[in-house]
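Residue numbers (this note's numbering), protein chains in the order written: chain F, 75 to 429; chain L, 75 to 429. Glycine included, each C-beta is placed from N, C-alpha and C at the ideal position. All remarks here apply to the structure that follows.
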DNA sequence: CGTTAGCACTCTCACCTGTAGAGTGCTAAC
DNA sequence: GTTAGCACTCTACAGGTGAGAGTGCTAACG
């Protein structure tokens, strides 16, 4: 008997309703859901036998699966995908929670450094999954200010403030032979501030070439300047500077991770900064919410989890990402709503900062 | 039959040797060790029956325990404690590994911010446990330099460099009504630099009181200065600024954490920044290596793990902590050696920085 | 023709049982 | 004090059993 396969075709209304019911039930209970449970808990107006035949269809379509003959149905990644597409990102976050989040952001010190951490924490506590957030990272960083503080005659601390808000610190060895005092350093910093302010790495490099090598202060400025160019370059090149995460314990509590080897995988997934970084980079390019479900993740160790990610910031100036990581069996609807709201909030904050 | 109990009395030589053998065997295999295995693998020159009677003594003394009648012996926390005391911190790290670590530190950029992270990573990879490290934190921070960068007319970014190496950033709202331009900010920063450089929070507060409120620039300086005082105060008050950890996966792999609930506890232990912070604070006071074994930890969730911690830095100026976290069944000898060496190395680096 | 009740079937899970193996503690002999 | 011998205890593992859940199929129904 050849069943027709409709991978993502337009399911009829009732089938869709049942798929949703299965997913919602499974998401909340974590146990495979059977036909009887469905008709009991969801007023479907049909008998369990009918539901069973529909479940069989959904399974043939690849949206549900069957751990074993006598078990209930479990959504496949494809099933979740279908579900996510069908709800879109239309469900808003309840007003109470919106207020709560705003309140929390109001309490924290007015500094962008704290915001993205708070975003991760908030996302974690509301969705009861792991929250992720990166600081807003510029495309091409511009030098805003340079400062040099003497440590001893030969060593100085270089402080570099970027227009995009980041601060970089480095130690610079000034000379091999003689010593350099603070007034000289101030003069060097003065030159650098005058010439490099507003420059990108590229621009700074051009400016530095014009410094006179026979003048001691200018020569020193050139030397420090080269270091600055290198720092800005490195900063530009970094895919994602830092991923802050919170609420990993929430994910650990999920029953599907009761066996510690699965848990281990999830954990190492979170340490897989490379993939996470690349992913977050993609999202910040795309500019809209992205949901990645189970096997849609490339690395093996990520295939038990799903991600809901959204960019924030000002395109072309500075963008970061906030998101949620949870088991594939995750409350997508709520997660999407929450992530959307938080990224919107972060947008407001960044706008306020650059206004 | 009343056996005499000698909690930490001077065990005779043979008993000590057997205790060590039990511990070393158990540390490397993770399975309870029986009398036969001991005489086979360690040339003890006596029969298993004799060993059994000694094991019974050690158990009565509270140094070993017995999961059940027909199982081998497992060291108690007290047993590990005895073992640690007996080896002292005399075992040095093998020269090969010393060289390897030095090499790694040579490769990283010369900036204190990277060092403590590297320390954690190194400790983790050598001991195959979790590595912990905090940045060097001063007792009373001194202002070194103040910088103000205009964001818009009413908002500025305050950058505060402390003599101890930390950099703090904050956004300050300048005025409610009129706008403030960058030259004015420079003037304000100039005043603050002139008056606050080298001051602690307390000193700064006294200086600020003498600023004239009727002068616009000085008034603004006073306002920003108050914020600076608050930041420095907060910084002084912070127990431990940040604990960086690496290699948690190593700990997760230990067989005793195969059941995920134990693992969960370990994990939440690591998120228990409060306890960790307090502990690290203690260690940095004490000035020497500290080993905390299992139940010697106060929080419940830490009682399955041990810590080997050592301070580094310059007492009275800036101190941090490096250390290792692993299961109680941990290679204490190696851990102590490694931690000792790394903290020594960090001392050198800090000295170089402050010299 | 879709829907439903009935029923045999399948699979898991929890529980029990029996056995092999490891290690002990005791006792009597050296 | 040390050792060999031995009975005893406990675990881990494998195999077997019954209850329960849920399915797929079939025949009857509107």
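Using a Cβ cut-off of 8 Å, pull out every chain L residue sitting near residue 366 of chain F, in sequence order please. By Cβ distance, chain L contributes nothing, its closest Cβ being about 23 Å from residue 366 of chain F, past 8 Å.
Below 9 Å between beta carbons: does that hold for residue 228 of chain L and residue 197 of chain L? no
Ends of the beta strand (DSSP E) at residue 401 of chain F? 392–401
Contact belief for residue 382 of chain F with residue 397 of chain F at Cβ below 8 Å, rounded distance in angstroms: 6 Å
Measuring CB atoms only, is the region 353–373 of chain L touching the region 285–296 of chain L, in the sense that at least three cross pairs come out at less than 8 Å? no
The beta strand (DSSP E) spanning residue 377 of chain L covers which residue range? Residue 377 of chain L -> no beta strand (DSSP E), and no H or E assigned at all.
Does the Cβ of residue 82 of chain F have 16 or more other Cβ atoms within 10 Å, making it buried, or fewer, making it exposed? Bear in mind that a pLDDT of 45 at residue 82 of chain F, under 50, signals an unreliable position, so the number given afterwards is only what the model happens to contain. Residue 82 of chain F is exposed by the Cβ-count criterion.
In the DSSP output, which residue or residues are listed as bridge partners for residue 226 of chain L? L:229
Contact list for the region 323–340 of chain F against chain L, Cβ threshold 8 Å: 323, 326, 327, 331, 332, 333, 334, 337 and 338
Assuming residue 246 of chain F is part of the beta strand (DSSP E), what are its boundary residues? 241–247
Going along the chain, which residues of the region 201–231 of chain F sit with their C-beta nearer than 8 Å to a C-beta in chain L? 218, 219, 221, 223, 225, 226, 229 and 231
Beta-carbon gap between residue 204 of chain L and residue 93 of chain L smaller than 9 Å: no
Step through the CB atoms of chain F and report whether any lies within less than 9 Å of the CB of residue 424 of chain L. no
Would you say residue 345 of chain F faces chain L, with C-beta separation under 9 Å as the test? yes
Spatial distance of residue 242 of chain L from residue 90 of chain F (CA atoms): 54 Å
Do residue 278 of chain F and residue 299 of chain F count as a contact pair if the criterion is CB distance below 9 Å? yes
Which listed residue (L:320, L:358, L:329 and L:365) has its alpha carbon closest to that of residue 345 of chain L: L:320
Would residue 114 of chain F count as contacting chain L if we go by Cβ distances under 9 Å? no
With a cut-off of 9 Å, does the C-beta of residue 380 of chain F fall near any C-beta of chain L? no
For residue 271 of chain F and residue 223 of chain L, I'd like the C-alpha separation in whole angstroms. 11 Å
Can you check whether the C-beta of residue 187 of chain F is within less than 9 Å of a C-beta belonging to chain L? yes
Using a Cβ-Cβ cutoff of less than 8 Å, which residues in the same chain neighbour residue 191 of chain F once the five nearest sequence positions on both sides are dropped? 207, 318 and 320
Distance cutoff 9 Å, beta carbons only. Does residue 342 of chain L sit that close to anything in chain F? yes
How about residue 264 of chain L: is its C-beta nearer than 9 Å to some C-beta of chain F? no
What is the rounded straight-line gap between the Cα of residue 460 of chain L and the Cα of residue 189 of chain L? No statement about residue 460 of chain L is possible, as the shown extent of chain L runs from 75 to 429 and does not include it.
In whole angstroms, give me the CA-to-CA distance for residue 202 of chain L and residue 237 of chain L. 36 Å
For chain L, is any of its Cβ atoms less than 9 Å away from the one on residue 235 of chain F? yes
Cα-Cα separation between residue 121 of chain L and residue 113 of chain L, rounded to whole angstroms: 7 Å
Run through DSSP, which three-state label would residue 210 of chain F get? coil
Beta-carbon separation (whole angstroms), residue 100 of chain F vs residue 403 of chain F, contact threshold 8 Å: 6 Å
On the three-state DSSP scale, how would you describe residue 116 of chain F? coil
Is DSSP giving residue 424 of chain L helix, strand or coil here? helix
From residue 347 of chain F to residue 213 of chain F, what distance separates their C-alpha atoms? 19 Å
Local conformation of residue 168 of chain L per DSSP, three classes: coil
Give the interface partners of residue 259 of chain L over in chain F, defined as CB-CB distance under 8 Å, in chain order. Those within 8 Å of residue 259 of chain L in chain F number zero; the least Cβ separation is about 11 Å.
Step through the CB atoms of chain F and report whether any lies within less than 9 Å of the CB of residue 427 of chain L. yes
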